[in-house]
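Undergrad: Chains A and B are the protein sequences, given in the same order. Position 15 (the first sequence) corresponds to 15 in the numbering used here; numbering is contiguous. Position 73 (the second sequence) corresponds to 73 in the numbering used here; numbering is contiguous. Ideal Cβ placement from N, Cα and C applies to all residues, glycine included. One structure follows; several queries about it will come next.
Protein chains: 2
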Amino acid sequence: MSVCLSPANTENVSTLETAMQLMIQTFHKYSGDEGDKYTLSRAELKVMLTAELGNYLGNAQDKEAVDKVMGDLDANNDGEVDFTEFVILVGALTVACNDFFLEYNDKGEKK
Amino acid sequence: MSVCLSPANTENVSTLETAMQLMIQTFHKYSGDEGDKYTLSRAELKVMLTAELGNYLGNAQDKEAVDKVMGDLDANNDGEVDFTEFVILVGALTVACNDFFLEYNDKGEKK
C-alpha cells in the first residue's frame, strides 16, 4: 500500500480515490477529540452522526438512536467504533441509497 | 431512505455524504457501458480499475489481475460485480490505506 495517496496529494486523484480520502479524513476529524484517537467514542459518534449524516439519521440527537447505532456497529463490544466498523456503516448506507436511486429511476422510465 | 440526496443537490452536503455520492456516481459511470447497466462486466471492471484505482492496483492492465479481482469480488459467481460487491472492494481498500497512514504517523511520532 505504498501507493496510498496522502491528503496533500491532490494531483491525478481519481473520483473514487477522492471518495476514499474523504472517508478517512471524516473519521479522523471526529475520532481525535477524546480517548483513543483512532476510535470513535459514544460522544464522538454522536457528534459525527449529527454533523455528517443528519439528513440520513434525522434523530441522532436522540440518545437511544445513538445507542442503537453504537450497538449495531460495535462488533467487538468495546464501546468504541473503529475505522473498519465506520466503513461498514458508510458502505451499508451507500448501498441503501443506491437502491433508492435505482428504484426511483426505474419508476421514472416506466410509462 | 427518502432523504438520500440526489446528485443535483449540492447544498448542505457533508463531507461524508459527498464521499457516498462519489462512490455511487463512479460505479454508474462504468456499469452502463454494456450488458446489465447496474452491474460491472469483466470489461467494465477493467476500465474502472485502470481509470479509478490505477495508483492502487498498478497492474490492472494484466488480464490475470482483473480475473483475480473479479474472482474475489464476484461473491455470487455470475461474472458481474454488483454495487454491493463494489462497495466491499472500496471499503477494504480504504481500510488498508487508513492502516498504512496510521503506521506512517506512529513512526513519525516516535523519536
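From the DSSP output, in three-state form, read off residue 13/B for me.
TA: Here DSSP, grouped into helix, strand and coil, assigns residue 13/B to coil.
Undergrad: Give the DSSP bridge partners of residue 40/A, in chain order.
TA: As computed with DSSP, residue 40/A is found in a beta bridge with 81/A.
Undergrad: Using 8 Å for Cβ pairs, my map puts residue 17/A next to residue 52/B. What's the rounded Cβ distance?
TA: 7 Å
Undergrad: From residue 97/A to residue 90/A, what distance separates their C-alpha atoms?
TA: 10 Å
Undergrad: Considering only residues of the same chain and omitting the five flanking positions on each side of residue 101/B, which have a CB-CB separation below 7 Å?
TA: none
Undergrad: Which residues, in chain order, does the segment 83-98 of chain A contribute to contact with chain B at a C-beta distance below 9 Å?
TA: 83, 84, 87, 88, 90, 91, 92, 93, 94, 95, 96, 97 and 98
Undergrad: How is residue 65/B classed by DSSP in three states: helix, strand or coil?
TA: helix
Undergrad: So if I threshold CB-CB distances at 9 Å, which residues from the segment 11-22 of chain A count as touching chain B?
TA: 12, 13, 14, 15, 16, 17, 18, 19, 20, 21 and 22
Undergrad: Would you say residue 66/B touches the ligand PLP, meaning its beta carbon is less than 7 Å from a heavy atom?
TA: Ligands in the displayed structure: none, and consequently the ligand PLP is not present.
Undergrad: Check whether the Cβ of residue 80/A lies closer than 8 Å to any Cβ atom in chain B.
TA: no
Undergrad: Distance, Cα to Cα, residue 29/B vs residue 40/B?
TA: 10 Å
Undergrad: For the segment 76-87 of chain B and the segment 72-82 of chain A, state whether three or more C-beta atom pairs, one from each stretch, are separated by less than 8 Å.
TA: no
Undergrad: In whole angstroms, give me the CA-to-CA distance for residue 46/A and residue 37/B.
TA: 37 Å
Undergrad: Quick check on residue 15/A: buried or exposed, where buried means 16 or more other Cβ atoms within 10 Å of its Cβ?
TA: Residue 15/A is exposed by the Cβ-count criterion.
Undergrad: State the Cα-Cα distance for the pair residue 66/B and residue 21/B, rounded to the nearest angstrom.
TA: Here the alpha carbon of residue 66/B sits roughly 25 Å from the alpha carbon of residue 21/B.
Undergrad: Would a C-beta distance cut-off of 8 Å place residue 95/A and residue 69/B closer than the cut-off?
TA: no
Undergrad: For residue 33/A and residue 50/A, what's the separation of their Cα atoms in angstroms?
TA: 15 Å
Undergrad: In angstroms, rounded to a whole number, what distance separates the CA positions of residue 103/B and residue 73/A?
TA: 24 Å
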